[in-house]
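Trainee:
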DNA sequence: AAGATTTACCTAACGATGTTAGCAAAGGTA
DNA sequence: TACCTTTGCTAACATCGTTAGGTAAATCTT
């Protein structure tokens with residue numbers, strides 16, 4: 001009997017609908033004004049049904065952050081297929097990371113806890129290191145003939161990730177008075193250049 | 001009559017007391033659990049008196065973040081007096097920034113909106129650029145014989161700030177699985193080295 | 001088809017939050 | 001003493017996340 005399957009399908013639909021609606025609300029009004037009641041309103045159900053599908057609000061945010069990591073991962077995989085040469089690939093990864101952040105600021109903020117009650121970080125997720133793994137691979141490709149130790153490579157990975165994340169955070173949080181996005185992009189490009197030169 | 005002055009003094013005392021108590025609570029339980037009622041409880045007054053001294057909760061957070069910037073600024077000024085040689089001074093500034101962040105994580109999180117409802121950033125504060133100004137001066141000192149344009153120097157400032165802030169953010173938010181603080185410190189030192197070498 | 005049972009869903013509430021209106025008491029002024 | 005300003009409080013409002021408990025519909029059992 002397909003009746004059970006239909007129910008499962010409906011349940012899944014509800015779940016994805018909740019996530020979709022939550023993301024939509026966030027895009028419109030930001031994380032700070034997202035509430036369970038608004039989600040319930042948007043899906044046209046009462047509040048408690050949301051708790052049939054998610055343990056609590058944090059679980060919803062967690063799931064959305066996972067979506068963010070998955071999306072980023074897909075983009076990085078595309079780079080991998082497109083660019084075989086390690087240096088070229090590394091530059092592409094950096095650019096992809098940058099573009100991802102500013103095309104999906106909601107995701108980026110959630111993924112790295114920028115300007116919101118921490119929620120997602122803290123729990124170790126494999127997806128968390130997706131970017132690290134990708135640039136790590138590219139860096140190893142560039143550096144493999146040189147006699148760098150594994151530890152040194154690990155340092156390099158962290159260093160590059162840090163510049164990118166730091167730059168993005170500062171711009172996204174408006175910590176700097178430099179608001180010219182072209183200029184900020186240039187700072188990133190030069191930082192990546194300097195980084196590669198220093199490998 | 002000193003009676004008016006006493007009242008002013010009392011009012012100021014109350015104000016600073018509120019801030020001190022708020023900071024204390026944050027150090028004990030983190031930003032997320034700070035509430036007006038807890039502050040009122042700690043200062044042994046009822047809730048509305050707090051609103052006689054601060055417009056709202058955000059104003060309290062804002063003032064505390066200013067304290068953070070002022071404290072950081074004082075430390076950087078100390079470096080300036082201690083180290084005349086630009087490169088040495090720049091290294092000291094980086095180290096000071098790093099140490100400040102991990103000795104006062106509450107301040108750092110508030111100042112740059114890490115893991116909390118954004119609150120402070122967004123409003124342009126002169127104190128915000130204190131660190132930028134300090135490392136800017138040192139970098140100009142190092143680079144002044146070379147024919148770098150002002151724009152290039154500005155880029156360099158942003159690049160260095162970004163590595164530091166990125167590294168600190170990643171560690172503080174536990175985005176990385178590398179939790180060894182000595183190791184993280186090494187990554188910073190090497191990044192600063194590479195940065196200076198690349199000036 | 002009728003009864004039993006599980007499921008789906010809602011109303012209403014609890015406790016905590018930031019914020020404010022309005023009142024009472026204390027203190028200074030005339 | 002009468003008045004007024006300051007100072008502080010109680011109590012409430014709206015919103016939040018979360019949950020207990022009930023109802024009616026959908027499903028399963030006989």
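Residue numbers (UniProt numbering), protein chains in the order written: chain D, 1 to 199; chain S, 1 to 199.
Don't be surprised by glycine CBs; every beta carbon is placed ideally from N, CA and C.
Quantities reported herein were computed from a predicted structural model and do not represent experimental measurements.
#1: Do residue 162(D) and residue 167(S) count as a contact pair if the criterion is CB distance below 8 Å?
#2: Can you name the residues that DSSP bridges to residue 114(D)?
#3: Does the region 177-187 of chain S come into contact with the region 170-178 of chain D, if we say contact requires no fewer than three beta-carbon pairs (one atom in each stretch) closer than 8 Å?
#4: Check each residue of the region 131-157 of chain S: if its Cβ is closer than 7 Å to any Cβ of chain D, include it; give the result in chain order.
#5: For the UniProt DNA-binding region "H-T-H motif" (35-54) of chain S, list every residue whose C-beta sits within 8 Å of some C-beta in chain D, in sequence order.
#6: What separation, rounded to the nearest whole angstrom, lies between the Cα atoms of residue 109(S) and residue 62(S)?
#7: For the region 94-110 of chain S and the region 64-71 of chain S, state whether three or more C-beta atom pairs, one from each stretch, are separated by less than 8 Å.
#8: According to DSSP, is residue 136(S) part of a helix, a strand, or is it coil?
#9: If you count every other CB in all the chains shown that lies within 10 Å of the CB of residue 51(S), and 16 or more means buried, which is it?
#10: Where does the unbroken alpha helix (DSSP H) through residue 43(D) begin, and where does it stop?
#11: May I have the straight-line CA-CA distance separating residue 49(D) from residue 92(D), to the nearest angstrom?
#12: Could you check the C-alpha separation between residue 29(D) and residue 148(D) for me, to the nearest Å?
#13: Quick check on DSSP: helix, strand or coil for residue 178(S)?
#14: I need the straight-line Cα distance from residue 194(D) to residue 23(S), nearest angstrom please.
#15: In chain order, what residues of the same chain have a beta carbon less than 8 Å from the beta carbon of residue 94(S), not counting five sequence neighbours either side?
#16: Starting from residue 162(S) and walking both ways along the alpha helix (DSSP H), at which residues does that stretch end?
#17: With a Cβ-Cβ cutoff of 8 Å, do residue 231(S) and residue 21(S) count as a contact?
#18: If you run the structure through DSSP and keep just helix, strand and coil, what is residue 84(S)?
#19: With 16 as the cutoff for other CB atoms within 10 Å, does residue 169(S) come out buried or exposed?
#20: Alpha carbon to alpha carbon, what distance is there between residue 89(S) and residue 31(S)?
#21: So for residue 46(S), helix, strand or coil by DSSP?
#22: Just checking: is the beta-carbon of residue 80(S) within a distance shorter than 8 Å of some beta-carbon in chain D?
#23: Can you tell me which of the three DSSP states residue 197(D) falls into?
#24: Mapping DSSP to helix, strand and coil, what is residue 54(S)?
#25: Does DSSP put residue 122(S) in a helix, a strand or coil?
#26: CB of residue 147(S) to nearest heavy atom of the ligand GDP: below 7 Å?
#27: Could you confirm whether any beta carbon from chain D is found closer than 8 Å to the beta carbon of residue 117(S)?
#28: Any idea what DSSP makes of residue 103(S), helix, strand or coil?
#29: Rounding to the nearest angstrom, what Cα-Cα distance links residue 33(D) and residue 57(S) in this structure?
#30: Among residues of its own chain, excluding the 5 on either side of residue 46(S), which ones have a beta-carbon nearer than 8 Å to its beta-carbon?
#31: What residues in the region 98-109 of chain D bring their beta carbon closer than 8 Å to a beta carbon of chain S?
#32: Of all the options 111(S), 76(S), 54(S), 198(S), which has the alpha carbon lying nearest to the alpha carbon of residue 133(S)?
#33: Look up residue 30(S) in the DSSP assignment and say whether it is helix, strand or coil.
Mentor: This is what the structure gives:
#1: The answer is yes: Cβ separation under 8 Å.
#2: Beta-bridge partners assigned by DSSP to residue 114(D): 114(S).
#3: The region 177-187 of chain S is not in contact with the region 170-178 of chain D.
#4: So the list reads 155, given in the order they occur along the chain.
#5: Correct list: empty, as no residue qualifies.
#6: Straight-line Cα distance between these residues: approximately 12 Å.
#7: Inter-segment contact for the region 94-110 of chain S and the region 64-71 of chain S is present: three or more beta-carbon pairs are separated by less than 8 Å.
#8: DSSP places residue 136(S) in helix when its eight states are reduced to three.
#9: By the neighbour-count rule (16 or more Cβ atoms within 10 Å), residue 51(S) is not buried but exposed.
#10: Segment 36-43, the alpha helix (DSSP H) holding residue 43(D).
#11: When rounded, the separation of the alpha-carbon atoms in residue 49(D) and residue 92(D) is 43 Å.
#12: When rounded, the separation of the alpha-carbon atoms in residue 29(D) and residue 148(D) is 47 Å.
#13: Coil, per DSSP.
#14: Spanning the two alpha carbons is a distance of roughly 40 Å.
#15: 135, 160, 164, 188, 192, listed in sequence order.
#16: Going by DSSP, residue 162(S) is part of the alpha helix (DSSP H) stretching over 150-172.
#17: Absent from the model: residue 231(S). The displayed extent of chain S is 1 to 199, so no value can be given.
#18: In this structure, DSSP gives residue 84(S) a state outside helix and strand, which the three-state scheme calls coil.
#19: Classification for residue 169(S): buried.
#20: Cα to Cα, the separation comes out at about 33 Å.
#21: DSSP places residue 46(S) in coil when its eight states are reduced to three.
#22: False, the Cβ-Cβ gap to chain D never drops below 8 Å.
#23: Reduced to three states, the DSSP call for residue 197(D) is helix.
#24: It is coil, neither helix nor strand.
#25: Low confidence applies here, because residue 122(S) scores a pLDDT of 49, under 50, leaving its location unreliable; read the following figure in that light. Of the three classes helix, strand and coil, the one that applies to residue 122(S) here is coil, per DSSP.
#26: As presented, the structure is devoid of all ligands, the ligand GDP included, so that no description of it is given.
#27: By this cut-off, residue 117(S) is an interface position.
#28: Under the three-state reduction of DSSP, residue 103(S) is assigned to helix.
#29: Rounded to whole angstroms, residue 33(D) to residue 57(S) spans 16 Å at the Cα level.
#30: Contacts found: 40.
#31: When C-beta distances to chain S are compared with 8 Å, every residue of the region 98-109 of chain D stays at or above that value.
#32: The residue with the shortest Cα to Cα distance from residue 133(S) is 76(S).
#33: Of the three classes helix, strand and coil, the one that applies to residue 30(S) here is coil, per DSSP.
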